[in-house]
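Working notes for the structure below.
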Amino acid sequence: MQIKLSNLEKTALFYDAIMHVLGYKKVLEIENVVIGYGIDVNDMFEIKQANTTSLLSASVHIAFNAYTKAQVGLFYKTALLHGGKCNGKPGFRKEYAEHCYAVFVIDLNGHNIEAVFCKPL
C-alpha cells in the first residue's frame, strides 16, 4: 500500500515514530521520493512525495496490527507527540468485535491511521 503526501520529509518523522512502535522498520528509502516500512521489502507500507505526475492521495483509513493493548496505547501517545490528532481514543471497539482494542489518529496529511489489537478467541 502506498499513500502520496504533500511533505515527505516532515511526514516521515511521524511515520518513523509510529511504525517503530508497531515493530516495523524502514526497508526502503529513495531520498525525497519514497519510504517503505515493514518487516522486509516483500510486505511494506509506503509513503511517497506527491508531485505533478504523482498526485496527493485522497484521505484514507489504514489499520495496522498491534500485538498488545499496551502497544495500541503507546502508538496513540507517540502519534500525538509527533503531530497526529486524536480521532478515537484507545478502547474496545464492539463495532468490530468485543475482543478488539483500537485507536485512531489523523496523520499530518489527514489520513485516519489505526492501530488495532484483537485478543485471540
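Residue numbers for the sequence shown follow the working numbering, so the first one is 1060 and each next one is one higher. Glycine is no exception: its CB is placed at the ideal position from the N, C-alpha and C atoms.
CA-to-CA, the gap between K1128 and L1114 works out to about 36 Å. At a Cβ-Cβ threshold of 9 Å, Y1160 and F1134 do not count as neighbours. Taking each of K1144, S1065, A1125 in turn and checking the Cα distance to V1092, the smallest one comes out for S1065. Taken in chain order, the whole alpha helix (DSSP H) runs of length 4 or more contained in the stretch 1088-1169 are 1128-1140.
F1176 has Y1160 as its beta-bridge partners, per DSSP. Take F1151, set aside five residues on each side of it, and the residues of its chain with a beta-carbon closer than 6 Å to its own are Y1160, in chain order.
With a threshold of 16 other beta carbon atoms within 10 Å, P1179 falls short and is exposed.
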